[in-house]
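Residue numbers (our numbering): 390 to 580.
Ideal Cβ positions, reconstructed from N, Cα and C, are used throughout, including at glycine.
Encoded as C-alpha cells, the structure appears first; notes follow it.
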Amino acid sequence: MPATLTADQVREVNAFTHVENELIDDAIGDVLAAIDARGWSSDLDVLYTTDHGEFQGDFGMLFKGPYHVDSLMRLPLIWRPAPNTKTLPSRVSAPVGLVSLASTFAHIAGIERPNYTEAPRLPVSDSDAQTLGHERVLTEWDSVLFGKIVHLRTICRNNWVCTAALDGTMNKFGEGELYDLTNDPLQHVNR
C-alpha cells in the first residue's frame with residue numbers, strides 16, 4: 390500500500406468495496422427475479438463466487454498479489470441447488486476449491502464426473518464433504534510479477550495453511566510459510 394494512504398483513505402476504499410458489493414447483490418437480485426418471472430427458478434441451480442479476495446488493508450496492503458493468505462484465498466462461494474432437488478440448505482465448513490466447479494456442473498446435469506476433472510463436486514453438507522474427500526485444498530500461483538518469477542504451492546488443511554515458495558521465487562533455495570489459523574487467524578506468526 391502506498392505510504393501516502395491514511396487510515397481514513399483505507400476506510401474509504403473499503404467503503405467503496407462494500408458499495409460495489411451492494412450493487413452486485415442488487416444486480417443478481419434483478420437477474421434472479423427475471424428468471425423467476427419466466428418460471429425457470431425451480432429447475433435452476435445458482436452458483437456465485439469470485440476468483441480471488443482482496444487485502445483491503447490486511448498486512449498494510451490493498452488489492453491483491455502473489456500471497457496465499459486467508460484474505461485472498463477465502464472466497465465467497467454460494468451454491469443454491471435447484472429447489473426441485475429438495476436439497477436442504479446448509480453451510481459447509483470443509484475447505485473447497487474452485488476446481489470443484491466442473492465436477493459440480495456435471496453432477497447438476499446428471500452425468501458422471503468426467504475423468505479430466507481435478508476435484509470432486511462441491512459438498513452439500515459437512516458429512517458429504519468427508520465422503521467426497523474435501524479435507525484439504527491445494528492452491529497454486531505461477532507468474533512473472535514485476536520481473537520476478539513467482540511459484541507458490543499451498544495446502545489448507547485442519548485450519549493450517551502451509552505455503553512453499555519454489556526455488557527462485559524468494560531466493561535460490563525457496564522458502565515457505567506456515568500459519569495456524571485457529572490461534573493466529575490474522576496470519577501474523579510464521580511458524
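By the CB criterion at 8 Å, Ser479 and Val435 fall outside the cutoff. For the options Val458, Gln445, Thr439 and Lys453, the alpha carbon positioned closest to that of Leu466 is the one of Thr439. Residue pairing by DSSP places Glu566 opposite Thr552 in a beta bridge. Spanning the alpha carbons of Ser516 and Thr476 requires a straight line of approximately 14 Å.
Shortest Cα-Cα distance from His496 to any of Ser532, Trp468 and Asn403 involves Trp468. By the Cβ criterion, the segment 446–460 is not in contact with the segment 485–496, since fewer than three pairs of Cβ atoms, one from each stretch, lie closer than 8 Å.
DSSP places Asp414 in the uninterrupted alpha helix (DSSP H) bounded by Ala396 to Ala426.
In this structure, Leu541 lies away from Trp549, with their beta-carbon atoms at least 8 Å apart. Taking 8 Å as the cut-off, the Cβ atoms of Pro484 and Cys545 count as close. In the DSSP assignment, Asp531 is bridged to His540. If you look at Leu466, you'll find it in the beta strand (DSSP E) that goes Leu466 to Arg469. Partner residues in the beta bridge of Arg525, as assigned by DSSP, are Arg546. For Leu436, the uninterrupted beta strand (DSSP E) segment begins and ends at Val435 to Thr438. Counting along the chain, no alpha helix (DSSP H) covers Thr393, and no H or E run does either. Taking the Cα positions, Leu567 is about 41 Å away from Pro472. Following the DSSP letters along the chain, one finds Leu461 inside the alpha helix (DSSP H) bounded by residues Asp459 to Met462. Considering only Asp556, Val488, Leu527 and Arg525, the residue with the shortest C-alpha distance to Ile538 is Asp556.
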